[in-house]
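Heads up: the sequence lines are chains A and B, in that order. Okay, so the first sequence: first residue is 112 according to the working numbering, each after it adds one. Okay, so the second sequence: first residue is -7 according to the working numbering, each after it adds one. A virtual CB, placed ideally from N, CA and C, is assigned to each residue, including glycine. Beneath this line is the structure, given in structure tokens, with notes to follow.
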Amino acid sequence: MGEEGKGGAVGRHGSAPRVGLFVTCLVDAIRPSIGFASLKLLEDAGCIVEVPARQTCCGQPGFNSGDNAIARDLVVGWIEAFEGYDYVVVPSGSCAGMLKCHGGDLFAGEPDWAARHSALADRTYEIMSFLVRVMDYRPSGVAWPGRATYHDSCSGLRELAIHDEPRALLAAVDGLELVPLEGNDVCCGFGGTFCVKYPSISNAIVAEKARQVGASGAGLLLGGDLGCLMNMAGKLSREASPVEVRHAVEVLAGMDDEPALCRSE
Amino acid sequence: MEQTSHRFKENAERALASSTLRVALDRTTTLLRTRRAAVVAAFPEFAEVRGTAARIKDHTIAHLDHYLEMFERNAIASGAKVHWARTPDEATDIIVRICRQAGARTATRVKSMLGEEIGIGEALAAAGIERVETDLAEHIIQLAGDPPSHIVMPAMHKTHEEVAELFSRKHRRAPDALDVASLVESARRELREKFLSADVGISGANFLIADTGSVVTVTNEGNGELTTTPPRVHIVNAGIEKLVPTVEHATVLLRLLSRSAIGTEFTQYTTFYNGPRRESDRDGPREMHIVLVDNRRTDMLAGFLRPMLRCIRCGACMNHCPVYGAVGGHAYGAVYPGPMGAILTPAMSNLAVAGDLPNACTLNGRCREVCPVDIPLPDLMRRLREEQWSRGLTPRVVRSGLGLWGTLARRPGLYRLATRLAVFSLRLVGWRAGRIGAFPLAGGWTRHRDLPSPQRGTFMDQYRAGRRR
């Protein structure tokens, strides 16, 4: 993992860093506000942000199903679309983890691609870890009164070691009280295609998660990965829980004009 | 045991419907996780020892031929007899033959996973030899006629209330009371005379030490020594991956095993066996036989599953697996459940019949995090999925779904269009409520949870139209 200088990061040519935002499939389709919140935070932190039009998917559904050919092609597409930027930022630990930690496995026998992958992977970050580790950014003047709790999605936590960063950012939000969540580091049962291939098992796992979220006493559940958030929000909504669910960047960007996941417009 | 891995989904449904199973699993896995976390926190060099342990195992596996021959030489020198078995059938044939030569009618047995793997119970029954399980949990499941559901706690699926009912029905003298201590006393009474009258004692091995020819076992109940010492013949069955070069190497692994397995610093009994009774010994068996079993371990050694041969069978992976925690061990339908079983079962049987196992995993990585020898379990499961894909074993519905998705995702323009269409149709169904309760082809999701309806238009469309915040 790159340990670039903390705070005031500059681009490779000495100016403000140019960031390519990898939006992710789910954010593109289901919850664009996460993408716009990411844009705002990155710009507030002093980055020049672009959204390359050629991006599609990180390849995770193929990779995790054993179809390396499609996963390889999508990682190649990602490299071609993003290697001109100083950094790649992704509002998802699992998509960032796929690109950073697994993408390189797909280029056995292709040393040129492996080298291009490795060079870009070193500059690729999940958004909250980027804001804290690279930009040393904290939000200011953002208020979000209420009691919230945080679920650490597995890929972010275990592949990218993201734990303190979301908490450091959320601590700077006025009025937000972050309370502990029992089992915060335990899988929510989403697992990409797992949740539709093994729906009953996934349901048993997310039902337990919903119980723990309810027991936390928080009115708002936050996380850094839309797949997991959709799973937990969908379960809480089905159980008519009053707990709202959002991606943490929406709170950090003060983006309260969009209803929470599974809430009416 | 009968393998039912091919019915994983059906097994899982049955498990999910059982409320007592859920209680039993919650009680035991929570206790094991809590205790493990406490002893690991009190052992600051854990991470360092874990790295050393993985290197010891890797080294031994890389030179397995050398260490196996060294072990055989030294075990023979200690007076033991060494037997080699390629398959479970060869192993049980050897064990039954030794029992017959000893004129055995009764064999006591201390639980070992290898014994379960080769089907020792069925083989002894077929040979007409009475088998007495002396491990408390194995005693429970022998009485109940159940297969084990956990590798360290084989009766984990039973609550103590169920055990009380079982002992009351099956013990010659019913337990005096139904609390846990009285149940243990009742089992002790039931087993005591069997220990002294058995002809053969059968055990496994936690480690085999190459340069001394020793067999090491770790146990907590004292039944191990009562199984292996009084009978005339002691038979050890062990997988060939149990080897370590020296006693010093074994002690590194011993520091990790009990902490990872049951959250204690050490086991009550750690026994080193070196050959049968010598003239100067006061007790011990007259013969000691060591049956070394391959059962496709050499195939694993030669392929991408090689890191799995580091496994020391602690069970931490299953104690920390959300899927195991939901469905328990029987759902996996084979001797080894949980993450380790998702790899060992296809490796030891057949990926075509155990195809669900490496897929029924969210790849959350907690198993690897707690593995005392750092086996990359999620990566190995994914490699098995890769093999399924390339051998055409992936279910057709998954293949065609991914095929369509792949066609679109390779073409950004087409992908944008398809996303727009999907968002449009989802919004038609769900926009007023913000959620979707049912949607064609999404039953896997919506049976148990709502689907959030998409916001207005895709990110890419809104961004292209000039929205920035």
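Beta-bridge pairing of residue i - partner residues as DSSP gives them
| i | result |
| --- | --- |
| V283 of chain B | B:H75, B:N229 |
| I159 of chain A | A:R129 |
| S481 of chain B | This structure leaves residue 481 of chain B out entirely; chain B is present only between -7 and 461. |
| F264 of chain B | B:V208 |
| Y198 of chain A | A:V130 |
| L235 of chain B | B:L200 |
| P444 of chain B | B:R427 |
| I194 of chain B | B:R101, B:I227 |
| R123 of chain B | B:A99 |
| T235 of chain A | A:V199 |
Residue j beta carbon less than 8 Å from that of residue i
| i | j | result |
| --- | --- | --- |
| R289 of chain B | I367 of chain B | no |
| M300 of chain B | A352 of chain B | no |
| G296 of chain A | G204 of chain A | A small correction: the amino acid at residue 296 of chain A is Asp; Gly does not occupy that position in the sequence shown. Their beta carbons are not under 8 Å apart, which means D296 of chain A does not touch G204 of chain A by this criterion. |
| V360 of chain A | A371 of chain A | no |
| T209 of chain B | G193 of chain B | no |
| N175 of chain A | L355 of chain B | yes |
| C313 of chain B | G330 of chain B | yes |
| G131 of chain A | F218 of chain A | no |
| L380 of chain A | L280 of chain A | Because chain A is modelled from 112 through 376, residue 380 of chain A falls outside the range shown and cannot be assessed. |
| P146 of chain B | T167 of chain A | no |
| Q447 of chain B | P310 of chain A | no |
| F35 of chain B | R251 of chain B | yes |
| V160 of chain A | V284 of chain A | no |
| A77 of chain B | A323 of chain B | no |
| A72 of chain B | G267 of chain B | yes |
| I312 of chain A | C298 of chain A | no |
| A253 of chain B | A308 of chain B | yes |
| A321 of chain A | E350 of chain A | yes |
| Q380 of chain B | G302 of chain A | no |
| W189 of chain A | L210 of chain A | yes |
Cβ-based neighbour list, residue i, same chain, cut-off 7 Å, excluding 5 preceding and 5 following
| i | result |
| --- | --- |
| G328 of chain A | R258, V290 |
| A318 of chain A | K346 |
| S104 of chain B | S195, G196, N229 |
| D428 of chain B | As written in the sequence, residue 428 of chain B is Ile, which differs from the Asp given in the question. Cβ within range, chain order: L418, V421, G422, T438, D442, L443, S445. |
| T52 of chain B | Y59, L235, V236, P237 |
| V31 of chain B | R251, G255, T256, E257 |
| G276 of chain B | T221, P268, R269 |
Residue i beta carbon near the ligand ZN (any heavy atom closer than 7 Å)
| i | result |
| --- | --- |
| V210 of chain B | This structure simply doesn't include the ligand ZN, nor any ligand for that matter. |
Chain-order list of residues whose beta-carbon lies under 6 Å from that of residue i (same chain, five-residue window excluded)
| i | result |
| --- | --- |
| M(-7) of chain B | P139 |
| E122 of chain B | T98 |
| L406 of chain B | L400 |
| D155 of chain A | none |
| G320 of chain B | A7, L13, L17, S141, H149 |
| A179 of chain B | L128, H131 |
| S70 of chain B | G205, N266, G267 |
Own chain partners of residue i with C-beta closer than 8 Å, once the 5 adjacent residues on each side are dropped
| i | result |
| --- | --- |
| R123 of chain A | D197 |
| V244 of chain B | V41, T44, A45, I48 |
| V121 of chain A | A127, P128 |
| A94 of chain B | D191, V192, R224, V225, E279 |
| S375 of chain A | none |
| T274 of chain A | Rather than Thr, the amino acid found at residue 274 of chain A in this sequence is His. Excluding positions up to five away in sequence, the list reads D263, L268. |
| S11 of chain B | none |
| E115 of chain A | With a pLDDT of 45 at E115 of chain A, under the threshold of 50, the predicted position of this residue should be treated as unreliable, and no value is reported. |
| L341 of chain B | The sequence given here places Ser at residue 341 of chain B; Leu does not occur at that position. Taken in chain order, the residues that qualify are Q(-5), S(-3), A326. |
| R408 of chain B | T450, M452, D453 |
Min CB distance residue i to chain C below 8 Å
| i | result |
| --- | --- |
| R298 of chain B | Among the chains of the structure shown, chain C does not appear; the protein chains present are A and B. |
Quiz item: Looking at chain A, which residues of the region 371 to 383 of chain B have a Cβ within less than 9 Å of any of its Cβ atoms?
Solution: D371, R374, R375, L376, R377, E378, E379, Q380, W381, S382
Quiz item: Which runs of the alpha helix (DSSP H) fall wholly inside the region 307 to 372 of chain A and span at least 4 residues, in chain order?
Solution: 310 to 327, 337 to 349, 359 to 363
Exercise. Let me know the alpha helix (DSSP H) ranges lying completely inside the region 186 to 231 of chain A, each 4 residues or longer, listed in chain order.
Key: 204 to 208
Quiz item: Mind listing which residues of the region 438 to 451 of chain B have their C-beta closer than 9 Å to chain A's C-betas, in chain order?
Solution: T438, R439, H440, R441, D442, L443, P444, S445, P446, Q447, R448, G449, T450, F451
Quiz item: What alpha helix (DSSP H) runs, 4 residues minimum, are completely inside the region 137 to 165 of chain B?
Solution: 152 to 162
Quiz item: Given a limit of 8 Å on CB to CB distance, which residues of the region 208 to 227 of chain A reach chain B?
Solution: none
Exercise. Could I get the ranges of all uninterrupted beta strand (DSSP E) runs contained in the region 81 to 116 of chain B, with 3 residues as the minimum, in chain order?
Key: 98 to 101
Quiz item: Just by C-beta distance, which residues in the region 287 to 320 of chain B are closer than 7 Å to chain A?
Solution: P314, V315, A318, V319
Self-check item: Uninterrupted beta strand (DSSP E) stretches inside the region 243 to 320 of chain A (no shorter than 3 residues)
Solution: 254 to 261, 285 to 290
Exercise. Please list the residues of the region 230 to 242 of chain A that have a C-beta atom closer than 8 Å to any C-beta atom in chain B, keeping them in chain order.
Key: none
Quiz item: Which residues, in chain order, does the region 284 to 306 of chain A contribute to contact with chain B at a C-beta distance below 9 Å?
Solution: D296, V297, C298, C299, G300, F301, G302, G303, T304, F305, C306
Self-check item: Interface positions of the region 161 to 188 of chain B facing chain A (Cβ-Cβ less than 8 Å), listed along the chain
Solution: none
Quiz item: What residues in the region 333 to 353 of chain A have a beta carbon less than 8 Å from any beta carbon of chain B?
Solution: M341, N342, A344, G345, K346, S348, R349
Practice problem: Please list the residues of the region 383 to 412 of chain B that have a C-beta atom closer than 7 Å to any C-beta atom in chain A, keeping them in chain order. | Solution: T386, V390, L394, W397, G398, A401, R402, P404, Y407, T411
Quiz item: Of the residues that make up the region 40 to 55 of chain B, which ones have a beta carbon closer than 8 Å to any beta carbon in chain A?
Solution: none
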